[in-house]
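Numbering (the working numbering), first residue to last: 1 to 549. Quick reminder that beta carbons are idealized off the backbone N, C-alpha and C, glycines included. See below for the structure under consideration.
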Amino acid sequence: MTTAAHAPAPAGRREIFLAAAVTLLVLLPFAGKAFHIDDTLFLKAARQIRVHPLDFYGFSANWFGTELSMWQVMKNPPLAAYFIALVTAIAGETETALHLAFLLPAVAAILGTYVLARRLCSYPLLAAMATLFCPAFLVSSTNVMCDTLLLAFWVWAVELWLRGIGGDGFRELTGSVLLMSLAALTKYFGMALLPLLFAHGIVRTRRIGTWALSLILPVLVLTGYQTWTMSLYGEGLLADAATYAILFRFHSGVLVFTKALVGLCFAGGCFASAAFFAPWLWSRRALVAAAVAALVAGGIAAAARLVAQWGGIAQVGVFAIAGANVLALTWADYRRRRDASSVLLLLWVAGTFTFAVFLNWTVNARTFLPAAPAVAILLARRLELHPSLSRATTVIPLAAAAVLSFAAAWADFGLAGAAREAAPRIVAEAGGDGSGTLWFEGHWGFQRYMEQAGARPLDFRRSRVLPGDRIAVPLNNTNLLPLPAQSFAPRSVVGVPVLPFLSTLSPAVGAGFYTDIWGPLPFAFGAVPPERYAVVEVLREIPPGEIAR
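Now the structure itself:
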């Protein structure tokens with residue numbers, strides 16, 4: 001039985017430079033990406049912070065179809081918004097400036113994975129590249145939300161913890177708990193570092209030593225945050241986010257078995273880089289069994305009507321078995337080594353999977369992202385069983401993973417750009433004569449660009465809509481309500497083509513990268529329709545509240 005982790009391999013400056021350079025090379029083409037999904041919320045919070053830095057959510061926003069206090073809308077802590085506020089104060093609120101700024105946490109996350117992997121496996125560069133070329137990382141790194149920033153704090157917190165836990169590492173442990181605190185203030189799931197590293201500390205030292213005292217700092221920080229937000233908004237935001245997730249889960253009514261299958265699909269798609277190495281990871285018998293299991297998973301998906309088309313059913317089978325591959329890697333590593341590092345990786349992956357599938361308000365790729373470095377390191381550790389494995393052999397599966405991940409990121413790039421392109425066209429076609437008000441339903445990046453173009457978000461409870469007004473409705477968006485029958489007439493439909501064979505968010509093909517409400521796959525191949533935006537003209541007065549009935 002192994003009792004200790006690998007000794008840290010010598011730092012390779014060339015490999016560190018290569019990892020950083022490849023990360024920049026891959027992400028720079030997305031520097032002009034339109035603001036997308038929850039980017040809009042973080043931008044709104046950043047504007048508030050620039051004016052009132054100690055009252056970050058002290059304003060209202062229409063995100064769920066009606067005006068609410070921002071603290072009721074935003075279910076993430078404010079650190080990422082503070083970062084955005086700093087960048088926009090210097091460089092302005094432009095897509096390019098923010099995407100370039102968010103290269104910093106992306107590079108930090110990949111370099112952190114490399115440094116951590118030097119300690120835990122023999123192929124640190126492979127682990128770093130497998131992290132970079134997993135769709136969860138590449139797509140998330142092209143947005144300006146909190147996810148990549150969380151990952152950067154997370155992986156360096158783990159690395160410093162491993163440095164400090166083995167001896168008199170006061171500075172390292174202090175640095176680790178500071179990064180834990182920053183992770184938790186970036187995204188609430190960062191709190192999971194506390195039980196994760198506490199458990200590792202017990203297994204590593206076989207006792208609760210003075211090292212455990214350092215974990216008091218993140219607890220104090222989170223307690224202070226809960227108390228501070230309670231005084232600001234009358235509700236502790238940490239508890240509020242937990243309550244929201246629990247209530248949404250309770251009302252969703254989805255069977256646990258179905259959620260587990262969807263979770264496997266997301267794990268397989270998010271960490272697809274591991275699947276491309278399957279021929280080097282498992283025996284032929286195991287691969288044949290996996291193929292049979294994929295057919296079974298596809299049959300279950302068809303019976304549960306998770307997707308409609310045969311192509312989608314086949315993808316569910318493949319993605320689910322790829323997800324099972326991730327869990328099998330985790331368990332096999334623990335069974336073989338049974339040391340502190342294998343316990344760390346087991347709890348890291350299993351904890352993330354459990355939260356993402358069964359505890360979070362929805363299954364989405366962003367919630368799986370924190371496990372990406374652990375999965376990549378597990379992959380590298382499994383490949384150590386093939387001592388004759390050459391670098392040339394690893395290039396082919398890595399290249400395949402890179403192509404797939406880049407394609408998914410490019411599909412998301414086009415989807416985000418559709419809203420930016422549609423907004424001025426909608427304004428020109430619907431409001432060109434200057435009569436009436438142009439309203440819009442829908443949110444995400446579409447809201448950002450419609451508000452920028454001068455349109456007003458429709459408030460289902462408060463807006464009074466008059467004859468002659470126009471309403472723009474994005475057909476692939478969130479928080480939409482049907483308009484009252486016989487109260488409007490179709491005026492036009494604006495269509496924007498997107499990548500026609502791959503999508504990250506399309507019910508037509510079962511893709512739901514940002515929420516499984518759209519589909520059971522983080523991305524999916526198929527016939528992807530253009531993004532369509534209907535514009536209607538109002539025929540009669542619609543008083544406040546009628547739409548919400």
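Express the C-alpha separation of residue j and residue i in angstroms, rounding to a whole number.
| i | j | result |
| --- | --- | --- |
| residue 392 | residue 399 | 11 Å |
| residue 464 | residue 297 | 49 Å |
| residue 467 | residue 454 | 19 Å |
| residue 7 | residue 379 | Because the pLDDT at residue 7 is just 48, under 50, the model does not fix this residue reliably, and the value given afterwards should be weighed accordingly. Near 18 Å, if we compare the C-alpha coordinates of residue 379 and residue 7. |
| residue 339 | residue 475 | 51 Å |
| residue 17 | residue 519 | 38 Å |
| residue 472 | residue 428 | 12 Å |
| residue 146 | residue 199 | 26 Å |
| residue 202 | residue 351 | 17 Å |
| residue 480 | residue 126 | 44 Å |
| residue 316 | residue 310 | 10 Å |
| residue 272 | residue 450 | 35 Å |
| residue 344 | residue 495 | 49 Å |
| residue 342 | residue 533 | 50 Å |
| residue 115 | residue 124 | 7 Å |
| residue 526 | residue 409 | 16 Å |
| residue 423 | residue 73 | 24 Å |
| residue 478 | residue 442 | 5 Å |
Taking residue i as the reference, which of the options has the closest Cα?
| i | options | result |
| --- | --- | --- |
| residue 178 | 208, 217 and 149 | 217 |
| residue 430 | 386, 538 and 330 | 538 |
| residue 64 | 508, 444, 496 and 492 | 444 |
| residue 215 | 192, 98, 370 and 94 | 192 |
| residue 550 | 34, 160, 172 and 326 | This structure cannot speak to residue 550, because the chain is shown only from 1 to 549. |
| residue 136 | 521, 535, 496 and 369 | 369 |
| residue 140 | 545, 504, 540 and 527 | 504 |
| residue 212 | 226, 196 and 223 | 196 |
| residue 483 | 173, 545, 156 and 48 | 545 |
| residue 194 | 161, 487 and 224 | 161 |
| residue 528 | 511, 121 and 389 | 511 |
| residue 69 | 77, 75, 76 and 59 | 59 |
| residue 487 | 494, 470 and 478 | 470 |
| residue 104 | 80, 386 and 93 | 80 |
| residue 25 | 85, 107 and 48 | 107 |
| residue 548 | 113, 233, 459 and 76 | 459 |
In terms of residue numbering, what span does the alpha helix (DSSP H) encompassing residue i cover?
| i | result |
| --- | --- |
| residue 368 | 365 to 368 |
| residue 395 | 391 to 430 |
| residue 338 | Segment: none, residue 338 is in no alpha helix (DSSP H) and carries neither H nor E. |
| residue 107 | 103 to 120 |
| residue 84 | 79 to 91 |
| residue 472 | Segment 470 to 474 is the beta strand (DSSP E) holding residue 472; no alpha helix (DSSP H) there. |
| residue 452 | 444 to 452 |
| residue 141 | Note, residue 141: premise wrong, no alpha helix (DSSP H); not H, not E. |
| residue 129 | 124 to 132 |
| residue 373 | 372 to 383 |
Tell me the residue span of the beta strand (DSSP E) that contains residue i.
| i | result |
| --- | --- |
| residue 550 | Not covered by the structure: residue 550. The range shown for the chain is 1 to 549. |
| residue 438 | 438 to 440 |
| residue 356 | That residue, residue 356, is in no beta strand (DSSP E); it is neither H nor E in DSSP. |
So, are the CB atoms of residue i and residue j less than 9 Å apart?
| i | j | result |
| --- | --- | --- |
| residue 407 | residue 502 | yes |
| residue 260 | residue 293 | no |
| residue 150 | residue 128 | no |
| residue 437 | residue 375 | no |
| residue 411 | residue 521 | no |
| residue 244 | residue 361 | yes |
| residue 318 | residue 263 | no |
| residue 372 | residue 131 | yes |
| residue 462 | residue 66 | yes |
Run the proximity test for residue i: is its beta-carbon closer than 8 Å to any non-hydrogen atom belonging to the ligand SAH?
| i | result |
| --- | --- |
| residue 259 | This structure lacks the ligand SAH; in fact it carries no ligand of any kind. |
Establish whether the CB of residue i and some CB of chain D are separated by less than 9 Å.
| i | result |
| --- | --- |
| residue 380 | No chain D is part of this structure, which consists of one protein chain only. |
Please go through the segment 490 to 528 and give each complete alpha helix (DSSP H) segment of 4 or more residues, from N-terminal end onward. none
Unbroken alpha helix (DSSP H) runs of length 4 or more, entirely within the segment 212 to 296: which are they? 216 to 233, 237 to 252, 256 to 270, 272 to 275 and 278 to 281
**Prompt:** What are the complete alpha helix (DSSP H) segments, minimum 4 residues, inside the segment 20 to 74?
**Reply:** 39 to 51 and 70 to 73
Report task. Within the segment 158 to 195, note down every full alpha helix (DSSP H) run reaching 4 residues or more, in order along the chain. Result -> 170 to 186
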